[in-house]
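K.L.:
Number of protein chains: 2
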Amino acid sequence: MSNQIKISEDEFKNFEDRKRARFINSLSGFKSSNLIGTISSNGQTNLSIISSAFHLGANPALIGFIIRPDVSPRHTLNNIRETKICTMNHVLADFVEKAHQTSARYSVEQSEFKSCELTEEYLEEFKAPFVKESALKMALEFVREVKIEENGTHLIISKIKDVYLQEEMLCEDGFINLEDVGTVCVSGLDSYHKTERMGRLSYAKPDKKPDWLK
Amino acid sequence: MSNQIKISEDEFKNFEDRKRARFINSLSGFKSSNLIGTISSNGQTNLSIISSAFHLGANPALIGFIIRPDVSPRHTLNNIRETKICTMNHVLADFVEKAHQTSARYSVEQSEFKSCELTEEYLEEFKAPFVKESALKMALEFVREVKIEENGTHLIISKIKDVYLQEEMLCEDGFINLEDVGTVCVSGLDSYHKTERMGRLSYAKPDKKPDWLK
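Just so you know, the protein sequences line up as chains A and B, in that order. First residue of the first sequence: 1, per the numbering used here; consecutive thereafter. First residue of the second sequence: 1001, per the numbering used here; consecutive thereafter.
What follows is the structure, given as structure tokens:
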């Protein structure tokens, strides 16, 4: 490895705004890329890309994500508050430009589905739109929001209801193969990446080294 | 794409525990892989792998992560509560087996640094240990914890202080190149992946399609 350098808090605080955003957004590591689909009480749909979804628990099945009203319009947050539901849809390499484009500031009466050429899909009785092009889609039910007072963002805690996925993704032991369908991850604000499997490691125990599973 | 199948909440609730954990842990998409370094007030170090770190804001610079006291021992949480600091260190492909091994249930008097053959590094006056082998390391200051009542986990909100990284990773515009040093991401509980760059997309505007940046 090359030279280790230090960027102190005082230094990055004084970065120009956009540069600081790029820098700090890179620090947590690779991030998931998901589209949140919502519908307002009067039927207007909305689609918004996020990179902050994280696993919160398997029993009950909970997922969390952050909405920042300051940088993205509040349409997604308003719709979730009104209807108490949304969908979460994995972004694939096939449609990453269209997914990224949902971050543009469209007005409330413009649906990102139409503007970004992604297809609304309605599954069974669930009112919020899924993204037809995605290989893994979840129907989410709003549980509660936690205001992050430090910066005015909102943590949305949601319960996972139905999961729709491509049949070949689901392994017998419950693991879902995200890589072979082209699920992407993101780093920083705007860098998209496919993945390259190293393998799965056995459950760690204190008395032995983990094995790569066959 | 192949056949779209549905796994309902009733179905996955009835999966055997470990299968449900693998399934639900796969749903948020690719996750960051980080090592949290801590030290107790009497000098005992601890190292713990997490996949829940997420960007919380650039100004102030905040990062969030989840600690689940039920599956991992509470040592990390106790140390953060005692000392109000920790380090976060990106996991690289080079030492992914060692990083995974920190999830084994070591007793409180065993340091995962020693047991998993990773090297403690102390930088300037910061009391908590960094991971020498990592290419991106952060000194974090505890801000507060949010109890997630739904499942007994804890969201730790931390402020980013000093950042240490390899010189060649930092781009002029603030973006950090995580890929070329071999930073990994994880899917499910145990699957590790390198990444393959697609590129960076231009800032999205409503009236034009995004471009891949040169």
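A virtual CB, placed ideally from N, CA and C, is assigned to each residue, including glycine. Small disclaimer: the values here were computed from a predicted structure and weren't measured.
What span of residues does the alpha helix (DSSP H) with Thr83 (chain A) cover, start to end?
P.N.:
Position 83 of the first sequence, counting from 1, holds the residue named residue 83 (chain A). Start and end: His75 to Thr83.
K.L.:
Mapping DSSP to helix, strand and coil, what is Asn25 (chain A)?
P.N.:
Position 25 of the first sequence holds residue 25 (chain A). It is helical.
K.L.:
Along the chain, where does the beta strand (DSSP E) containing Gln44 (chain A) start, and where does it finish?
P.N.:
Numbered from its first residue, the first sequence carries residue 44 (chain A) at position 44. No beta strand (DSSP E) contains Gln44 (chain A), which DSSP labels as neither H nor E.
K.L.:
Can you have a look at Leu140 (chain A) and say buried or exposed, based on whether 16 or more other CB atoms are within 10 angstroms of its CB?
P.N.:
Mapped onto the first sequence, residue 140 (chain A) falls at position 140. So Leu140 (chain A) counts as buried.
K.L.:
Applying the criterion that 16 or more other CB atoms from any shown protein chain within 10 Å of the CB defines a buried residue, is Ala1119 (chain B) buried or exposed?
P.N.:
Mapped onto the second sequence, residue 1119 (chain B) falls at position 119. The displayed chain sequence assigns Thr, not Ala, to residue 1119 (chain B). With fewer than 16 Cβ atoms within 10 Å of its Cβ, Thr1119 (chain B) is classed as exposed.
K.L.:
Please confirm whether Thr119 (chain A) has its beta-carbon closer than 9 Å to some beta-carbon of chain B.
P.N.:
What you label residue 119 (chain A) is simply residue 119 of the first sequence in a count that begins at 1. Not an interface residue.
K.L.:
May I have the straight-line CA-CA distance separating Pro210 (chain A) from Arg144 (chain A), to the nearest angstrom?
P.N.:
Position 210 of the first sequence, counted from the first residue, corresponds to residue 210 (chain A). Position 144 of the first sequence, counted from the first residue, corresponds to residue 144 (chain A). Rounded to whole angstroms, Pro210 (chain A) to Arg144 (chain A) spans 38 Å at the Cα level.
K.L.:
Using the rule of at least 16 other Cβ atoms within 10 Å of the residue's Cβ for burial, across every protein chain shown, is Ile1049 (chain B) buried or exposed?
P.N.:
Indexing the second sequence from 1 puts residue 1049 (chain B) at position 49. So Ile1049 (chain B) ends up on the buried side.
K.L.:
Kindly indicate which residue of B:Thr1102, B:Ser1107, B:Val1181 and B:Asn1078 has the alpha-carbon position closest to the one of Leu1165 (chain B).
P.N.:
Within the second sequence, residue 1165 (chain B) is the residue found at index 165, counting from 1. Measuring from the Cα of Leu1165 (chain B), the nearest candidate turns out to be B:Val1181.
K.L.:
Run through the DSSP bridge pairs and tell me what Val1163 (chain B) is partnered with.
P.N.:
Locating residue 1163 (chain B) in the second sequence gives position 163, counting from the first residue. Val1163 (chain B) pairs with A:Ile7 and B:Met1138.
K.L.:
Would Ile39 (chain A) be called buried (16 or more neighbouring beta carbons within 10 Å of its own) or exposed?
P.N.:
Locating residue 39 (chain A) in the first sequence gives position 39, counting from the first residue. Buried, because 16 or more other Cβ atoms sit within 10 Å of the Cβ of Ile39 (chain A).
K.L.:
Using C-beta distances below 6 Å, list every residue in its chain close to His75 (chain A), excluding the 5 sequence neighbours before and after it, in chain order.
P.N.:
On the first sequence, residue 75 (chain A) is found 75 positions in, with the first residue counted as 1. Asn46 and Val108, listed in sequence order.
K.L.:
Please confirm whether Phe113 (chain A) has its beta-carbon closer than 9 Å to some beta-carbon of chain B.
P.N.:
If you number the first sequence from 1, residue 113 (chain A) lands on position 113. No, no contact with chain B.
K.L.:
Could you have a look at Phe113 (chain A) and say whether DSSP puts it in helix, strand or coil?
P.N.:
Taking the first sequence and counting its residues from 1, one reaches residue 113 (chain A) at position 113. Phe113 (chain A) falls in the helix class under three-state DSSP.
K.L.:
Could you tell me whether any Cβ in chain A is nearer than 9 Å to the Cβ of Arg1105 (chain B)?
P.N.:
Indexing the second sequence from 1 puts residue 1105 (chain B) at position 105. Yes, because at least one Cβ of chain A sits closer than 9 Å to the Cβ of Arg1105 (chain B).
K.L.:
Against chain A, does Lys1127 (chain B) count as a neighbour if the rule is that its beta carbon must be under 9 Å from one of theirs?
P.N.:
Working through the second sequence from its first residue, we reach residue 1127 (chain B) at position 127. For Lys1127 (chain B), the answer is no, since every Cβ of chain A falls outside 9 Å of its Cβ.
K.L.:
Please tell me whether Val131 (chain A) has its Cβ less than 9 Å away from any Cβ of chain B.
P.N.:
The sequence position of residue 131 (chain A) within the first sequence is 131, counting from 1. Judged by the 9 Å Cβ criterion, Val131 (chain A) is not in contact with chain B.
K.L.:
Name the one or two DSSP bridge partners that Met88 (chain A) has.
P.N.:
Taking the first sequence and counting its residues from 1, the one referred to as residue 88 (chain A) is at position 88. Met88 (chain A) pairs with A:Ile36 and A:Met138.
K.L.:
Indicate the three-state DSSP secondary structure (helix, strand or coil) for Ala216 (chain A) in the structure shown.
P.N.:
As shown, chain A starts at 1 and ends at 214. That puts residue 216 (chain A) outside it, with no answer to give.
K.L.:
Counting Cβ pairs closer than 8 Å, one from the stretch 1097-1111 of chain B and one from the stretch 1160-1177 of chain B, do we hit at least three?
P.N.:
Counting Cβ pairs under 8 Å, fewer than three are found: no touch.
K.L.:
Can you look up Glu196 (chain A) in the DSSP assignment and give me helix, strand or coil?
P.N.:
In the first sequence, residue 196 (chain A) corresponds to position 196, counting from 1. Note: Glu196 (chain A) maps to strand in three-state DSSP.
K.L.:
Hey, is the stretch 1076-1087 of chain B in contact with the stretch 1014-1034 of chain B, meaning 3+ C-beta pairs nearer than 8 Å?
P.N.:
Output reads no: the stretch 1014-1034 of chain B does not touch the stretch 1076-1087 of chain B.
K.L.:
Check Arg1144 (chain B) in the structure and name its three-state DSSP category.
P.N.:
Looking up residue 1144 (chain B) in the second sequence gives position 144. Arg1144 (chain B) falls in the strand class under three-state DSSP.
K.L.:
Would Arg1068 (chain B) be called buried (16 or more neighbouring beta carbons within 10 Å of its own) or exposed?
P.N.:
Here residue 1068 (chain B) refers to the residue found at position 68 of the second sequence. Buried is the call here.
K.L.:
Quick one: what does DSSP say Val96 (chain A) is sitting in, helix, strand or coil?
P.N.:
One-based indexing of the first sequence puts residue 96 (chain A) at position 96. It is helical.
K.L.:
Counting only Cβ pairs nearer than 8 Å, list the residues of chain A close to Glu1145 (chain B).
P.N.:
If you number the second sequence from 1, residue 1145 (chain B) lands on position 145. What Glu1145 (chain B) touches in chain A: nothing, since even the nearest Cβ is about 12 Å away.
K.L.:
Report yes or no: do three or more beta-carbon pairs, one from the stretch 82-97 of chain A and one from the stretch 1182-1193 of chain B, lie closer than 8 Å?
P.N.:
No: fewer than three Cβ pairs fall under 8 Å.
K.L.:
Given 8 Å as the limit, is there contact between the stretch 1002-1012 of chain B and the stretch 143-157 of chain A, that is, 3 or more CB pairs closer than that?
P.N.:
Too few Cβ pairs lie closer than 8 Å, so no.
K.L.:
Determine the closest residue to Lys114 (chain A) out of B:Glu1016, B:Gly1188, B:Pro1206 and B:Phe1065, with distance taken between C-alpha atoms.
P.N.:
Counting from 1 along the first sequence, the entry for residue 114 (chain A) is found at position 114. Among B:Glu1016, B:Gly1188, B:Pro1206 and B:Phe1065, the Cα nearest to that of Lys114 (chain A) is on B:Pro1206.
K.L.:
Is there a C-beta anywhere in chain B that falls below 9 Å from the one on Lys205 (chain A)?
P.N.:
Along the first sequence, one-based indexing puts residue 205 (chain A) at 205. So, interface residue.
K.L.:
Enumerate in chain order the residues of its own chain whose CB-to-CB distance from Arg1197 (chain B) is below 6 Å, with the five nearest sequence positions on each side excluded.
P.N.:
Mapped onto the second sequence, residue 1197 (chain B) falls at position 197. Same-chain partners within the cutoff: Glu1179.
K.L.:
Taking just the CA atoms, how far does Glu9 (chain A) sit from Met169 (chain A)?
P.N.:
On the first sequence, position 169 is the one that residue 169 (chain A) refers to. On the first sequence, position 9 is the one that residue 9 (chain A) refers to. Their backbone Cα atoms lie some 43 Å apart in a straight line.
K.L.:
What does DSSP give as the partner residue(s) for Ser187 (chain A) in the beta ladder?
P.N.:
Here residue 187 (chain A) corresponds to residue number 187 of the first sequence, with the count starting at 1. Answer is A:Ser191, bridged to Ser187 (chain A).
K.L.:
Apart from the five residues just before and just after Tyr203 (chain A), which ones in its own chain have a Cβ nearer than 8 Å to its Cβ?
P.N.:
Working through the first sequence from its first residue, we reach residue 203 (chain A) at position 203. If we look at Tyr203 (chain A) and ignore the five residues flanking it on each side, its Cβ neighbours are Pro210.
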